[in-house]
Amino acid sequence: MMELQVFKQDGSKVSKVKLNEFVFGIEPHDDAVFRAVQSELTNSRQGTHAAKNRSKVRGGGRKPFKQKGRGVARAGSTRSPLWKGGGTVFGPEPHGYSYKLPKKMKCLARRSVLSHKAKSDAVIVIDELNISVPKTKEFSKILSDLNISEKKVAVLLGEGKDLVFLAGRNLPNVAILEAAHASTYDLIDCDVILIEKSGVEALTEQLMVK
12 MMELQVFKQD
22 GSKVSKVKLN
32 EFVFGIEPHD
42 DAVFRAVQSE
52 LTNSRQGTHA
62 AKNRSKVRGG
72 GRKPFKQKGR
82 GVARAGSTRS
92 PLWKGGGTVF
102 GPEPHGYSYK
112 LPKKMKCLAR
122 RSVLSHKAKS
132 DAVIVIDELN
142 ISVPKTKEFS
152 KILSDLNISE
162 KKVAVLLGEG
172 KDLVFLAGRN
182 LPNVAILEAA
192 HASTYDLIDC
202 DVILIEKSGV
212 EALTEQLMVK
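Structural data, given as structure tokens:
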């Protein structure tokens, strides 16, 4: 079973934690990761893009000129797609891009990313993350003590902590969220995962889906 060092906020070592091989030690499944990230990104699209066709463009109700006698092509509306200011043919229309991914595939994708990060020494376990004052300076000091201040960090908490969130929200390279709510994209879109010991337990319990 894989073991990782557990650190305190000041960077000192405190103990070790055993990681479940089924969650942190599998062979990454690239296709599952791709499908999960694609699903998360497409589900976030609004899908409100639209263009006006001839029936939606304002005006054009009157026939521009008589049907016969001019020696030109007949026309019934100035909003025809052939005319300047007319409607669009086959333009984009609002529609949803979202699709549902099977739960087992979602879990497989997250386990794949966690396993890859763990094998790449990109997972740092912290005993507990506590901040008494919601100051960015306090949070930056913790990152400096752990030697990850220059990296893009995903901070995974065992449970929601308002002061920690407030202290780190102004840092552009830091994302703070509960471990149980971390998506595949959240896990893959970072250099380092900083996770509380309780967050490891929460993720292990959640991802033990076979």
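Here the numbering used here is used: the first residue of the sequence shown is 12, the next is one more, and so on.
Don't be surprised by glycine CBs; every beta carbon is placed ideally from N, CA and C.
Identify whether residue i lies in helix, strand or coil by the three-state DSSP scheme.
i: L165; result: Reading the sequence as shown, one finds Ala at residue 165 and not Leu. Strand, per DSSP.
i: I199; result: helix
i: L125; result: helix
i: Q16; result: strand
i: L119; result: helix
i: A193; result: coil
Tell me the residue span of the beta strand (DSSP E) that contains residue i.
i: F150; result: No beta strand (DSSP E) holds F150; the alpha helix (DSSP H) holding it covers T147 to D156.
i: I135; result: V134 to I137
Whole angstroms is fine: what's the gap from residue i's alpha carbon to residue j's?
i: D200; j: N141; result: 24 angstroms
i: P113; j: I159; result: 35 angstroms
i: G58; j: L93; result: 27 angstroms
i: L52; j: G72; result: 42 angstroms
i: E61; j: T99; result: Looking at the sequence shown, residue 61 is not Glu but Ala. Straight-line Cα distance between these residues: approximately 10 angstroms.
i: S209; j: V166; result: 12 angstroms
i: R65; j: R90; result: 6 angstroms
i: P39; j: K95; result: 55 angstroms
i: P103; j: K63; result: 9 angstroms
i: A178; j: G70; result: 55 angstroms
i: A213; j: D202; result: 21 angstroms
i: L174; j: S143; result: 7 angstroms
i: D132; j: K111; result: 32 angstroms
i: K74; j: F101; result: 23 angstroms
i: L157; j: E14; result: 18 angstroms
Given a threshold of 16 other Cβ atoms within 10 Å of its Cβ, counted over all protein chains shown, does residue i qualify as buried or as exposed?
i: S126; result: buried
i: K77; result: exposed
i: N31; result: buried
i: V35; result: According to the sequence shown, residue 35 is Phe rather than Val. With 16 or more Cβ atoms within 10 Å of its Cβ, F35 is classed as buried.
i: K128; result: buried
i: R180; result: exposed
i: R122; result: buried
i: V220; result: exposed
i: A84; result: exposed
Which residues mark the beginning and the end of the alpha helix (DSSP H) in which residue i is found?
i: V175; result: D173 to G179
i: L11; result: Any property of residue 11 remains undetermined from this structure, which presents the chain solely from 12 to 221.
Whole runs of the alpha helix (DSSP H) within the segment 24-76, excluding any shorter than 4 residues = List check, alpha helix (DSSP H) in window: 32-35 and 41-54.
Length-filtered (4 minimum) alpha helix (DSSP H) runs lying within the segment 79-107 = Secondary structure in the segment 79-107: no alpha helix (DSSP H) run of 4 residues or longer lies completely within the stretch.
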